[in-house]
Amino acid sequence: MAELHRRADESAADGRGSGGLGSEGLGSDGLAPIEPGPDVAILLRAVVDWATETPAVVGVAVVGSHARGTARPDSDVDLVLICDDPARILTGDWIWRFGAVRSVAHEDYGALQSLRVFFDGDLEVEFGITGRNWAALPLDPGTRSVIMGGVRILYDPDGLLHRATSGGRGKD
541 MAELHRRADE
551 SAADGRGSGG
561 LGSEGLGSDG
571 LAPIEPGPDV
581 AILLRAVVDW
591 ATETPAVVGV
601 AVVGSHARGT
611 ARPDSDVDLV
621 LICDDPARIL
631 TGDWIWRFGA
641 VRSVAHEDYG
651 ALQSLRVFFD
661 GDLEVEFGIT
671 GRNWAALPLD
681 PGTRSVIMGG
691 VRILYDPDGL
701 LHRATSGGRG
711 KD
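Read left to right, the sequence shown gives residues 541 to 712 (this note's numbering).
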């Protein structure tokens, strides 16, 4: 985690990786900032930095309790990664970039495949990996349920997640 702390500090100092993370808080959608613990904040900044360097990743959002601001210290971090090639991302060793990995479990949710990663230091992160179709309008019921449960967009260069969250909060 020391390397992760250093990278996040360097990134914040030189303004890199701001694709959604501003200096005033997490998220650029005008909502109240997420107030995660230090490890979670560092993780989120590192994931955005990685996403901006990874052309196959076209969107990143935090969902669930961390997006709603109701996370407890033992809550896992739920992320959705929108990718042009989800299968390639699923098989990569990129998760090691975020810390020492204790274990990884693959979970299948249909349109979204998940890597549940337990890092040293007891940080649990669910990386939900999916294609652009996950955020396509009209939203399917599974996507709508995730969005209704809380979403904060961290990286969205093409506006895909913004369109999904704007169109996905009401009824079709």
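Glycine included, every Cβ here is placed at the ideal spot set by N, Cα and C. Computed from a predicted model, the values in this text were never measured in an experiment.
- W634 is positioned such that its CB atom lies closer than 9 Å to that of T594.
- For R608, the closest of L619, G599 and V598 by C-alpha to C-alpha distance is L619.
- With 16 or more neighbouring CB atoms inside 10 Å of its own CB, V603 falls in the buried class.
- S605 places its beta carbon 9 Å or farther from that of G668.
- A residue is called buried when at least 16 other Cβ atoms come within 10 angstroms of its Cβ; T705 meets this threshold and is buried.
- Where S615 is concerned, there is no enclosing alpha helix (DSSP H), because DSSP gives it neither an H nor an E.
- In the DSSP secondary-structure assignment, G599 is bridged to I622.
- Judged by DSSP in its simplified three-state form, A607 adopts helix.
- D648 and S654 have their alpha carbons spaced roughly 6 Å apart.
- Around the CB of L583, 16 or more other CB atoms lie within 10 Å, so the residue is classed as buried.
- The beta carbons of Y695 and V580 sit no closer together than 9 Å.
- With contacts defined by Cβ atoms closer than 9 Å, C623 and T670 form a contacting pair.
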